[in-house]
Amino acid sequence: MTRPVRVLSLYEGFFAGGARILHSDVVAGLARGGAQQHRVLSLTSAARRDASVQFARDDARFRRLHTAGVAVDTFDRVAGDRPLAPEDFSFEELTRAAVLFAEADVILSLKEQPLSLVVALERAGLLPDRPIAACLHRSDPAHSGPALGWLCDTAASGAVTATIACADSTSLAYARAGVAGENSWVIDNGIDTRRFRPGTRAERGRIRAGLGIPEAADVVMLAARFDAMKDPGLFLRSVAQHARRAPGAHYIVCGSGMTPANPAFLALRAESGVDAAVPLHALGLREDMPALYRAADVVALTSAYGEASPLCLAEGAASGAIPVTTDVGDAARVVQGFGLVTPRNEDAIGAAWTDALDRRAVLRAAALDARARLDRRRMIDDYRDAIAGLLMPRALAA
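Going by full-length UniProt numbering, the first residue of the sequence shown is number 1, and it counts up by one from there.
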């Protein structure tokens, strides 16, 4: 093929989340090389999150793609608590999508939720014959709701021809759930180690001063949205337990809904026993994550389910913070050699934070040594190879 390979990615919408960060990074990286031409179709132009409406055009991922020269098309819809079902699409939306599909050589679906559009196109007889890969980022398909059924149905019909999983646990979980494509890849997540890097002492001091944190304080950070999957209650109970043993420690929570403006967060804090005197910095949704990681000594993950290859652990480690995580998805494999894995109870988690802080010099050095294997360049190359693999059967048939 002498012209660039044309790739269309399907997004449910633009809102904060690790999978959207990662996929947008992949798309921007692949578009930069010139051998591929990327475009995105978002099923929504805004998202209702935490009692507010977030517009796609304001999202950091949207802006990143625009800067990289990637065209983004959106349907005039608002993402809510449930994904759009096949019957929700108008005829005008289907015909518009069919044109974009026909103009592409390969279609990538960011998670399974956008596959409702593929089901709708199939039912309407408007689905062009193109290889479609579902990019999967969960380790618990059952929590995908109806989207798991759309994935199983489109894989069974041959519309979805491949899966690209971000973790071994993801690939295995979807196979057990009955998802069988013609091809499957596991591509480990990668991060931009130029952005996520350790800070100098002066940088850490400035960042901490801006947050009201003493330079010498121990800092434990959770980067997660306010969601049952992330189990913020377990983190807060761990804070209450740890603060009793380490009264000088500070704690950072950031992510959608992790803010005093969220009444549910305030109620959970009180319920978890975190004293008002405990220095808990609830920052909400932030776009300066590299700086926050540089301010932390420990990056925590207390998720209950759903995680596959959590980006926060790699981002924190590359920035010099020690990952301490519950055993979900591939988290234990991600932090092997430089992080700690703990049972899901507050006593064990608090003790693990103390252990990590006591061993910080050795664990931090190991984390920084692992930066090369965490880098995104390997991930982008693997996606490039997978896209070529999706086109190979058609090239051979021609």
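Ideal placement from N, C-alpha and C gives every residue a C-beta, glycine not left out.
Can you tell me whether Glu-12 is buried or exposed, with buried defined as 16 or more other CB within 10 angstroms of its CB?
Taking the first residue of the sequence shown as 1, we reach residue 12 at position 12. Glu-12 is buried by the Cβ-count criterion.
With Asp-25 as the anchor, note down where its alpha helix (DSSP H) starts and where it stops.
Residue 25 sits at position 25 when you count from the first residue of the sequence shown. Note, Asp-25: alpha helix (DSSP H), 18-33.
Mind checking whether residue 407 and Glu-203 have CB atoms under 9 Å apart?
A question about residue 407 goes unanswered here, because the residues of the chain that appear run from 1 up to 398.
What residues in its chain sit with their C-beta under 6 Å from that of Ala-71, if we drop five residues either side in the sequence?
Translated into the one-based positions of the sequence shown, residue 71 becomes position 71. Hits under 6 Å: Arg-39.
Within its chain, find whatever has a CB closer than 8 Å to the CB of Val-160; leave out the 5 residues flanking it on each side and keep chain order.
Position 160 of the sequence shown holds residue 160. The answer, listed in chain order, is Ser-109, Leu-115, Val-118, Ile-132, Ala-133, Ala-134, Leu-151, Thr-154 and Gly-181.
Can you tell me whether DSSP reads Arg-39 as helix, strand or coil?
The residue labelled residue 39 in the question sits at position 39 within the sequence shown. The answer is strand: DSSP assigns Arg-39 an E or B state.
Could you tell me which whole beta strand (DSSP E) segments of length 3 or greater appear in the stretch 141-171?
As far as the stretch 141-171 is concerned, its whole beta strand (DSSP E) runs of at least 3 residues are 162-165.
In angstroms with no decimal places, state the Cα-to-Cα distance between Ala-398 and Leu-391.
Taking the sequence shown and counting its residues from 1, the one referred to as residue 398 is at position 398. Taking the sequence shown and counting its residues from 1, the one referred to as residue 391 is at position 391. Only weak support exists for where Ala-398 lies, its pLDDT of 48 falling under 50; the coordinates are left without a value.
Relative to the C-alpha of Leu-10, which residue among Glu-112, Ala-209, Phe-235 and Asp-369 is closest?
Counted from its first residue, the sequence shown places residue 10 at position 10. Leu-10 has its Cα closest to that of Glu-112, out of Glu-112, Ala-209, Phe-235 and Asp-369.
Would you call Asp-330 buried or exposed, if buried means 16 or more other Cβ atoms sit within 10 Å of its Cβ?
The count along the sequence shown starts at 1 and reaches residue 330 at position 330. The residue is buried, with at least 16 neighbouring Cβ atoms inside 10 Å.
Evaluate the contact criterion for the stretch 346-353 versus the stretch 373-380: three or more CB pairs, one atom per stretch, below 8 Å.
Too few Cβ pairs lie closer than 8 Å, so no.
Near Pro-4, which residues of its chain fall below 8 Å by C-beta distance, leaving aside the five closest residues on each side in sequence?
As a first step, residue 4 must be located in the sequence shown, where it is residue number 4. Same-chain partners within the cutoff: Gly-34, Ala-35, Gln-36 and Gln-37.
Is Val-274 near Leu-301, with beta carbons less than 9 Å apart?
By one-based count along the sequence shown, residue 274 stands at place 274. By one-based count along the sequence shown, residue 301 stands at place 301. No, they are not a contact pair.
Could you tell me whether any Cβ in chain D is nearer than 9 Å to the Cβ of Gly-18?
The structure shown has no chain D; it contains just one protein chain.
What residue ranges within the stretch 198-265 form continuous alpha helix (DSSP H) runs of no fewer than 4 residues, ordered along the chain?
201-211 and 232-245, all fully within the stretch 198-265.
Would you report the Cα separation of Asp-381 and His-23, rounded to the nearest angstrom?
Residue 381 sits at position 381 when you count from the first residue of the sequence shown. Residue 23 sits at position 23 when you count from the first residue of the sequence shown. Taking the straight line from one Cα to the other gives about 13 Å.
Which same chain residues, not among the five before or five after Arg-208, have their C-beta less than 8 Å away from its C-beta?
Taking the sequence shown and counting its residues from 1, the one referred to as residue 208 is at position 208. Cβ neighbours of Arg-208 beyond the five flanking positions: Pro-214, Glu-215, Ala-217, Val-219 and Ala-295.
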